[in-house]
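*Asks:*
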Amino acid sequence: MHRTYFCCLLLLLTAWAGNGQTIERRGLKADTGTLYLRCSPLGVIDLYDGNLTLGAEYRFNNTWAATLDAGAILYSSYFQFARMSSGLLFRPGLRLYPNKYKDFFIDLQLHYKNVKYRIKDWLDKDVVANVPAYEEYKVFRFKKKVMGVHILAGFKNYLNYNKRFYVEGYVGLGLHYKDEGLLNEPNSQYDLGLRLRRNTGTYVVPALPAGFRIVYLFR
């Protein structure tokens, strides 16, 4: 499912970039803005942690810019039996515009996410050597913290004839360091079979960020 979603999105972005360059590419050469405001519509349908994310870009000059995206996590499908989820995400970055038209960019982006889940399910109790003495059906909390880095590449183009609105699409690669586990549940573990999550866990996983943003030229 995740690979299919990523591949479809990549094909759409490729087609959009090719068409957009033909129509408006030379118009971007006149873009001399300094501050841009932006939003990420795909955040609300995130496969794991649905979020509302807003951001900004500040241009130092024609080549370099600083970016920042911050969001609130509103719901989650990370756990099947999660009754409530809340958290935040934070993505500062540095952007390079290497070509003369300023419609292609490369981002170095840091990633931070902190989420807490309220779950109602069976919880293993009095665990010794990964063997529980009994199970208890209860409401408990689980936390997840993710830190990472992304390298992104993408294109931007005018959204319509209003030259203050842009759309930018991007794809990239990255690494995420995850730290997740139960909150205030000593000698306990939450076991989901193949998706094993115990009272503590830290590991590194690859990331494949992709999406698009709607951008507004503020000044």
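The sequence shown runs 392 to 610 under the working numbering.
Even for Gly, the Cβ is constructed at its ideal location relative to N, Cα and C.
No experiment lies behind these values; they were computed from the predicted model shown.
DSSP three-state label for Pro432, please.
*Replies:* Residue state, collapsed to three classes: helix.
*Asks:* If you follow the beta strand (DSSP E) that Lys554 is in, where does it begin and where does it stop?
*Replies:* Element bounds for Lys554: n/a, residue is neither H nor E.
*Asks:* Take the Cβ of Ala601 as the centre, count every other Cβ of all protein chains shown within 10 Å, and call the residue buried at 16 or more, exposed below.
*Replies:* Buried, because 16 or more other Cβ atoms sit within 10 Å of the Cβ of Ala601.
*Asks:* Leu585: buried (16+ other C-beta within 10 angstroms of its C-beta) or exposed?
*Replies:* Confidence in Leu585 is poor, its pLDDT being 49 and thus under 50, which makes the residue's placement unreliable; the coordinate value appears in the next sentence. It counts as exposed.
*Asks:* Confirm, please, whether the CB-CB distance from Val518 to Gln651 is below 8 Å.
*Replies:* Within the shown structure, residues of the chain are numbered from 392 to 610, placing residue 651 beyond reach of any answer.
*Asks:* How long is the line joining the alpha carbons of Glu526 and Val562, rounded to whole angstroms?
*Replies:* Whole-angstrom Cα-Cα distance: 43 Å.
*Asks:* With contact counted as at least three CB pairs below 8 Å, one residue from each stretch, are the region 478-490 and the region 509-518 in contact?
*Replies:* As far as the Cβ criterion goes, the region 478-490 does not touch the region 509-518, which means the pair count is below three.
*Asks:* Going by beta-carbon coordinates alone, are Tyr607 and Leu428 separated by less than 8 Å?
*Replies:* Cβ atoms of Tyr607 and Leu428: closer than 8 Å.
*Asks:* Is Lys507 near the ligand FMN, judged by its Cβ being under 7 Å from some heavy atom?
*Replies:* In terms of ligand content, the structure shown is empty, and the ligand FMN therefore cannot be addressed.
*Asks:* Quick one, are the C-beta atoms of Ile510 and Phe556 less than 8 Å apart?
*Replies:* No, they are not a contact pair.
*Asks:* Within 10 Å of its beta-carbon, does Val603 have 16 or more other beta-carbons around it, so buried, or fewer, so exposed?
*Replies:* Residue 603 is actually Phe in this sequence, not Val. Phe603 should be labelled buried.
*Asks:* Using the beta-carbon count (16 or more within 10 Å), is Tyr508 buried or exposed?
*Replies:* Per the 10 Å Cβ criterion, buried.
*Asks:* Could you tell me whether the Cβ atoms of Lys536 and Glu576 are closer together than 8 Å?
*Replies:* Against a cut-off of 8 Å, the Cβ pair of Glu576 and Lys536 comes out as no contact.
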